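In my numbering, the protein residues as written are 47 to 339. Heads up, the beta-carbon is just placed ideally off N, CA and C, and yes, glycines get one too. Only a predicted model underlies this, so the values are computations on that prediction, with no experimental measurement involved. See structure below.
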């Protein structure tokens, strides 16, 4: 079991470490370009390619969408109440409590732990998270709603195309499938490298605050994943992927939003960094529980 868990988490943390060391050595890494490339091109290709390969059913897809929406609704309420009790600003920290790193970290973990079917389910949750993060998350940080943001997101159209192909049984021409597969193959390594580079460039402003928020994000998020899986009677891969993705550390995009819209960029950076370090302990423990002996 230990060797199995190590084979799952080692590729993620080693590639992230490579990105960290790359940035630590101050070698060139164009984070805005890489972010645009992954958001606009490679991740949408990954969505379509994975759905084609995994043979995901519409029932499993809809179950994961419902579970994801319930997860983020519950995390919004819990996060709001927690920050209210702590008397910490909602605009600064609520997106960090709602949205975990279901992309850079969650997707490779779903792939290495559960294979292509697990990756397809993980991508479903990630797509919901991305759409909500770039609408609800931005709106919270900016203090105003931005519904136009949703229609500009390629991942939304990638999911729509993937669901259409899944529902109709149609497949794109072989040359297009091969192109999608090549671009999709770039996505996960780039996501992990970008995570490592981002972590190297962050610093902790307040350790106590960062630790409290990190425990809420991972602990409460994971607990809600268990609760929602039980409430919806999810079984097998659907249950395991939901729980794993719900317990991810704070997404790096929350730091970018805080940096742009609030004065709390450094505080949110600390939460991203501390929660990512905390996940080095919590993720193997969670995989030990989820994976069969």
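- Only residues of its own chain outside the window of five on either side were considered, and among them 138 and 304 have a CB closer than 6 Å to the CB of residue 310, listed in chain order.
- Here residue 202 is not near residue 97, since their CB atoms are 8 Å or more apart.
- Rounded to the nearest angstrom, the gap between the Cα atoms of residue 51 and residue 214 is 37 Å.
- As far as DSSP is concerned, residue 327 takes part in no beta bridge.
- In this structure, the straight-line span from the alpha carbon of residue 317 to that of residue 113 is close to 25 Å.
- C-alpha of residue 84 to C-alpha of residue 200: approximately 10 Å in a straight line.
- By a beta-carbon distance limit of 8 Å, residue 80 does not contact residue 208. Their separation comes to about 23 Å.
- A straight-line Cα-Cα distance of about 42 Å links residue 103 and residue 255.
- For residue 58, the closest C-alpha among the options 313, 237 and 105 is that of 237.
- Burial check for residue 281: the Cβ neighbour count within 10 Å stays below 16, so the residue is exposed.
- Burial state of residue 242 is buried, judged by a 10 Å Cβ sphere holding 16 or more other Cβ atoms.
- Distances from the CA of residue 172 to each of 220, 293, 219 and 260 were compared; the closest alpha carbon is that of 293.
- In the structure shown, the three-state DSSP call for residue 215 is coil.
- Taking residue 165 as the centre and dropping the five residues before and after it, the same chain places the C-beta of 96, 156 and 157 closer than 6 Å to its C-beta, in chain order.
- Inclusion of residue 251 and residue 70 in the CB contact set at 8 Å is not warranted, their separation being larger than that value.
- Rounded to the nearest whole angstrom, the C-alpha separation of residue 143 and residue 336 is 23 Å.
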